[in-house]
Every structure is written in structure tokens, then in C-alpha cells.
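Accompanying notes for the structure given below.
In our numbering, the protein residues as written are 3 to 183.
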């Protein structure tokens, strides 16, 4: 009998990916869940013109600087957001164009040599981030309500799965190499 992670309900119009024929692809299910969750958060943050990833990027840059007394390097921010540097660089471009993020040499005033780039949330970026916190909270509350009683167990299980699974930002040699920043 095939093992399945699928919820009970009517059969889907298309079969779910099950490459070995025995169980649903966990990666597919996680990505589908992430797309739906991102869409929900995106609907809530839409009045600001931000998606969840953009909101998180601005907030992480501001939080890093507040906690460390200096802006994060691209590599540090990529690791904190669990992204590879290429993806982070692509995601930062529209934030720079909007005036929410500034990127400059980490050497200036921060005691870091080499080619490291510092990422800073601008005043406008911090303002739009703060304006989005209440919108994010509404999305978070809606997600939790939708998951009801399973939320704490699901959150713990996902956190454990993420911690046990190597990610691109954790494994990337670029993070360990100051010259690659």
C-alpha cells in the first residue's frame, strides 16, 4: 500500500509527483505549501508594494546592524536569510532601486578589508519595514488560525527538519572566504 502525506479529500485532477510510486515527494509538498503561504503574506503586504521576501530582507538587514553595530556583509545576510549570494544579490537590486537598501564597501568605517560589501537598510527601508509589521502580523495570525491546533507541532517539526537539512547558504564556501564577500 503506498504511503502518502496527502490529506484526505477528493482526488486531485492531476496525480501528485511520486517518483518511486510509493509516497508523495516531500520537497514538492513543501514547495507547494511555501508558495501558498508566500501568496497569503504577499496579499497582506501588497499595500506597501512588498512581498514577504523583500520585507524580511529589509528587516534582517536592519536587525543585523542594530545587533552588531555594523551592517551585514552580503555573505552574512545571505547566510541569515538561508539564501545563496547570487539569489540575495538578485533580490536586493529592486530594494536598492526603491531606496530601501543601500550597498557599499564594508571597508569604510567597519574595519573589514577585501571586497566585502555592506548591506544597510535605509531610513526609508526601516520605515516601510515597520509599516509592514502589522500587515505581517495579520498574515501570521491567519496562517496560525488556518493551521489551528497543529501549528506548534508543525512549527517545531519544520524547524527541526530545516536544522537537520544542509542548505546552500550553510554549505557555500563563499561564506567562509572573506575575499568572496
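No residue lacks a Cβ here, since even glycine has one placed at the ideal position from N, Cα and C.
The alpha-carbon of residue 96 is positioned some 11 Å away from that of residue 51.
Per DSSP, reduced to three states, the secondary structure at residue 75 is strand.
A Cβ-Cβ distance of about 16 Å is found for the pair residue 73 and residue 58, leaving them out of contact under the 8 Å criterion. Cα atoms of residue 22 and residue 163: separation of roughly 22 Å, rounded to the nearest angstrom.
Contact between residue 102 and residue 130 holds, since their C-beta atoms are separated by about 6 Å, short of 8 Å. Residue pairing of residue 155 in beta bridges, as defined by DSSP: absent, with no partner found. In the three-state DSSP reduction, residue 139 falls in the helix class (H, G or I). Taking the Cα positions, residue 65 is about 35 Å away from residue 27.
Residue 61: not part of any beta strand (DSSP E); member of the alpha helix (DSSP H) spanning 54 to 70, first to last residue.
At least 9 Å separates the beta-carbon of residue 160 from that of residue 149.
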